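A.B. asks: Attaching a single structure in structure tokens format; questions to follow.
Residue numbers (the numbering used here): 6 to 526.
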């Protein structure tokens, strides 16, 4: 088994999902997903893609808060695969049944194959969690909903892209932009006067996008499980790995209108289009396409600051979201993480605080759970960027259960970054240009900062999150830009206490595959 297979083993990307014993009062939903190769032509040229049940993108997983989800995944490709919420890699020609509960979760998410660059070939889909009927929603019930999975795309398959990265070369500019697996042509139909919910996710591997609908505004209502203040936008930026939910009211002339996604901060700009069709329309959408922002960094940063938590809305449980007053919690530790593009052994690598991450032979979760020595060293990565040239290593930050931590992402490069934390959501409290200093804390939003799982960091800028580390275990903090993650821009946060309890950490499954030193212990 290659080292890359171990990436993200035993971790849950959708923060908050749990494998605790299922509550018999909550419904069960059963799925069987068969993962295969298949011929697809998203950009007009046949290529090998990764399909789930013969579909590209994969099937939508719709459920309700606290549902018990049982997914039997059958691997029919020639490589180990790993689903985002997965705890074990699935060998070729075998299957694995996953059991999880969408405990106290709501909102718009995605699932995807998360190792060896599989995401660049497909194997992703929408994951929608609706609130239980007994919990009110802070907006009028929509007349329907639509999923839009937007992402950049390459004509080369994942093996070719991976080979290029392994040789030390960067990837070229993407060949196109897709919405639900195609650059254009899909239609979404609704009735004049009614309001519809659009769930939009950036499933790309590299590029931020802007989303807009010709002649219409969108009202933001949720991001990655958090109800937002209902700001109205002409267009929205969505960065790699992020998801948003908006309401759109069909209040214009009965005709068709373009839905547009375009790449941000790129030259050239790539576009993908679909069509919003008013029922009874006989008029096709008309050019030109609605104009969106291109390289306007400060415009995007200003918009990001307007995305705030709705303090008057219930969460998945019947308690106010705003009751958690994060500004009153003492910060026990500040960690400043600076990303670096570098060359190590004459090959392209990406580093964080001087370390470009490499996987050990023994997965970190196994080493931590079984107390196996010699696999990792706590605090092997510094809390602040050190001087000197980056090195290869296995980066682990040691923390205590329930620590409340300030993490600053310092981006000194000219490209936008995107960071994701497994296992926990976090408050996005600040964005700013230049170098972060302690004085920047005066700019933080300490009242209604949005809670999410993935945060963008603008070029030559910083972003700050506050996170309560309430889940014991080994959690991956990584670039959501897959080239960077694959080449080392990631680390692990070990959350620990000396108690053994299912309330803080799940037991490893009895049929877990043991690898490396764990197999010998």
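Ideal placement from N, C-alpha and C gives every residue a C-beta, glycine not left out. Just so we're clear, the structure is a prediction, and the values are computed from it rather than from any experiment.
Less than 6 Å between C-beta atoms, sequence neighbours within five positions excluded: which residues of the same chain meet that for residue 391?
C.D. replies: Along the chain shown, one-based indexing puts residue 391 at 386. Here the set comprises 359.
A.B. asks: In whole angstroms, what is the alpha-carbon distance linking residue 282 and residue 238?
C.D. replies: Walking along the chain shown from the start, residue 282 turns up at place 277. Walking along the chain shown from the start, residue 238 turns up at place 233. Rounded to whole angstroms, residue 282 to residue 238 spans 20 Å at the Cα level.
A.B. asks: Are the stretch 271-278 and the stretch 243-261 touching by the rule of at least three beta carbon pairs closer than 8 Å?
C.D. replies: Contact between the stretch 271-278 and the stretch 243-261 is absent, because fewer than three Cβ pairs lie under 8 Å.
A.B. asks: Using DSSP with H/G/I as helix, E/B as strand and the rest coil, what is residue 485?
C.D. replies: The residue you call residue 485 lines up with position 480 of the chain shown. Three-state result, residue 485: coil.
A.B. asks: If you run the structure through DSSP and keep just helix, strand and coil, what is residue 303?
C.D. replies: Translated into positions along the chain shown, residue 303 becomes position 298. Correct three-state label for residue 303: helix.
A.B. asks: Classify residue 458 as helix, strand or coil using the three-state DSSP reduction.
C.D. replies: Sequence index remark: in the chain shown, residue 458 carries index 453 (1-based). Looking at residue 458 - three-state DSSP - the assignment turns out to be coil, as it is neither helix nor strand.
A.B. asks: At which residue ranges does the stretch 262-309 contain complete beta strand (DSSP E) runs of 3 or more residues, listed in the order of the chain?
C.D. replies: The stretch 262-309 contains these whole beta strand (DSSP E) runs: 276-283.
A.B. asks: Would you please state the rounded distance, in angstroms, between the beta carbons of residue 183 and residue 156? I believe it to be under 8 Å.
C.D. replies: Indexing the chain shown from 1 puts residue 183 at position 178. Indexing the chain shown from 1 puts residue 156 at position 151. Contact flag correct, Cβ pair sits at about 6 Å.
A.B. asks: CB residue 257 to CB residue 220, shorter than 8 Å?
C.D. replies: Looking up residue 257 in the chain shown gives position 252. Looking up residue 220 in the chain shown gives position 215. In contact: residue 257 and residue 220 (Cβ atoms closer than 8 Å).
A.B. asks: Between the Cα of residue 240 and the Cα atoms of 503, 263, 108, 413, which residue gives the shortest distance?
C.D. replies: As a first step, residue 240 is located in the chain shown; it is residue number 235 there, counting from the start. Comparing Cα-Cα distances from residue 240 to each of 503, 263, 108, 413, the minimum goes to 263.
A.B. asks: Going by DSSP in three states, residue 137 sits in which element: helix, strand or coil?
C.D. replies: For the purposes of this step, residue 137 is taken as the residue at position 132 of the chain shown. Three-state DSSP puts residue 137 in coil, outside helix and strand.
A.B. asks: Would you decide whether residue 411 is buried or exposed? Buried here means 16 or more other CB atoms lie within 10 Å of its CB.
C.D. replies: Residue mapping note: residue 411 aligns to position 406 of the chain shown, counting from 1. So residue 411 counts as buried.
A.B. asks: Output the boundary residues of the alpha helix (DSSP H) element that contains residue 166.
C.D. replies: The count along the chain shown starts at 1 and reaches residue 166 at position 161. Counting along the chain, the alpha helix (DSSP H) containing residue 166 begins and ends at 163-171.
A.B. asks: Report the rounded CA-to-CA distance for residue 326 versus residue 109, giving the unit in angstroms.
C.D. replies: Position 321 of the chain shown, counted from the start, is the residue given in the question as residue 326. Position 104 of the chain shown, counted from the start, is the residue given in the question as residue 109. Low confidence applies here, because residue 326 scores a pLDDT of 46, under 50, leaving its location unreliable and the question unanswered by this model.
A.B. asks: Kindly list the residues whose CB is nearer than 6 Å to the CB of residue 340, restricted to its own chain and excluding five residues on each side of it in sequence; keep chain order.
C.D. replies: The count along the chain shown starts at 1 and reaches residue 340 at position 335. 388, 412, listed in sequence order.
A.B. asks: Does DSSP put residue 44 in a helix, a strand or coil?
C.D. replies: Here residue 44 is taken as the residue at index 39 of the chain shown, counted from 1. Residue 44 falls in the strand class under three-state DSSP.
A.B. asks: Just how far apart, CA to CA, sit residue 292 and residue 267?
C.D. replies: Counted from its first residue, the chain shown places residue 292 at position 287. Counted from its first residue, the chain shown places residue 267 at position 262. Taking the straight line joining both Cα atoms gives about 15 Å.
A.B. asks: Using 10 angstroms around the beta-carbon of residue 192, count the other beta-carbons present and answer buried if the total reaches 16, otherwise exposed.
C.D. replies: For the purposes of this step, residue 192 is taken as residue 187 along the chain shown, with counting starting at 1. Residue 192 should be labelled exposed.
A.B. asks: Can you tell me whether residue 505 is buried or exposed, with buried defined as 16 or more other CB within 10 angstroms of its CB?
C.D. replies: Mapped onto the chain shown, residue 505 falls at position 500. Exposed: under 16 other Cβ atoms inside 10 Å.
A.B. asks: Does the distance from the CB of residue 456 to the CB of residue 409 come in under 8 Å?
C.D. replies: Working through the chain shown from its first residue, we reach residue 456 at position 451. Working through the chain shown from its first residue, we reach residue 409 at position 404. No.
A.B. asks: Determine the burial state of residue 495: buried for a count of at least 16 other Cβ atoms within 10 Å of its Cβ, exposed for fewer.
C.D. replies: Translated into the one-based positions of the chain shown, residue 495 becomes position 490. Classification of residue 495: buried, given that the 10 Å Cβ count is 16 or more.
A.B. asks: How do the stretch 363-383 and the stretch 307-318 stand: do at least 3 beta-carbon pairs fall below 8 Å, yes or no?
C.D. replies: They do not touch, by the three-pair rule.
A.B. asks: Run through DSSP, which three-state label would residue 477 get?
C.D. replies: Within the chain shown, the letter at position 472 stands for residue 477. In the structure shown, residue 477 sits in coil (DSSP, three-state: anything other than H, G, I, E or B).
A.B. asks: Below 8 Å CB to CB, which residues in the same chain sit around residue 351 once its five sequence neighbours on both sides are set aside?
C.D. replies: Numbered from 1 along the chain shown, position 346 holds the residue referred to as residue 351. Once the five neighbours on either side are set aside, the close Cβ partners of residue 351 are 173.
A.B. asks: Please list the segments of the beta strand (DSSP E) lying wholly inside the stretch 50-124, counting only runs of 3 or more residues, in order along the chain.
C.D. replies: For the stretch 50-124, whole beta strand (DSSP E) runs of length 3 or above, ordered along the chain, are 52-57, 66-69, 73-80, 99-106, 112-117.
A.B. asks: Could you give the distance in angstroms between the alpha-carbon of residue 422 and the alpha-carbon of residue 285?
C.D. replies: Residue numbering aside, residue 422 sits at position 417 when the chain shown is read from its first letter. Residue numbering aside, residue 285 sits at position 280 when the chain shown is read from its first letter. About 43 Å.
A.B. asks: Find the nearest neighbour of residue 103 within the set 259, 462, 38, 55, judged by alpha-carbon distance.
C.D. replies: In the chain shown, the residue the question calls residue 103 occupies position 98. Of 259, 462, 38, 55, the residue nearest in Cα terms is 38.
A.B. asks: Among residues of its own chain, excluding the 5 on either side of residue 111, which ones have a beta-carbon nearer than 6 Å to its beta-carbon?
C.D. replies: Taking the first residue of the chain shown as 1, we reach residue 111 at position 106. Correct list, in chain order: 70, 134, 136, 230, 321.
A.B. asks: What number of angstroms, rounded off, separates the C-alpha of residue 60 from the C-alpha of residue 382?
C.D. replies: Walking along the chain shown from the start, residue 60 turns up at place 55. Walking along the chain shown from the start, residue 382 turns up at place 377. Near 43 Å, if we compare the C-alpha coordinates of residue 382 and residue 60.
A.B. asks: Considering Cα atoms alone, identify which of 206, 212, 251, 68 is closest to residue 223.
C.D. replies: What you label residue 223 is simply residue 218 of the chain shown in a count that begins at 1. Checked all of 206, 212, 251, 68; the closest Cα to residue 223 is 251.
A.B. asks: With a cut-off of 8 Å on the beta carbons, I'd call residue 96 and residue 87 a contact; round off their distance for me.
C.D. replies: In the chain shown, residue 96 corresponds to position 91, counting from 1. In the chain shown, residue 87 corresponds to position 82, counting from 1. Contact doesn't hold; Cβ gap of about 11 Å is too wide.
A.B. asks: Helix, strand or coil for residue 174? Go by DSSP, reduced to three states.
C.D. replies: Reading the chain shown from its first residue, position 169 is the one you call residue 174. Of the three classes helix, strand and coil, the one that applies to residue 174 here is coil, per DSSP.
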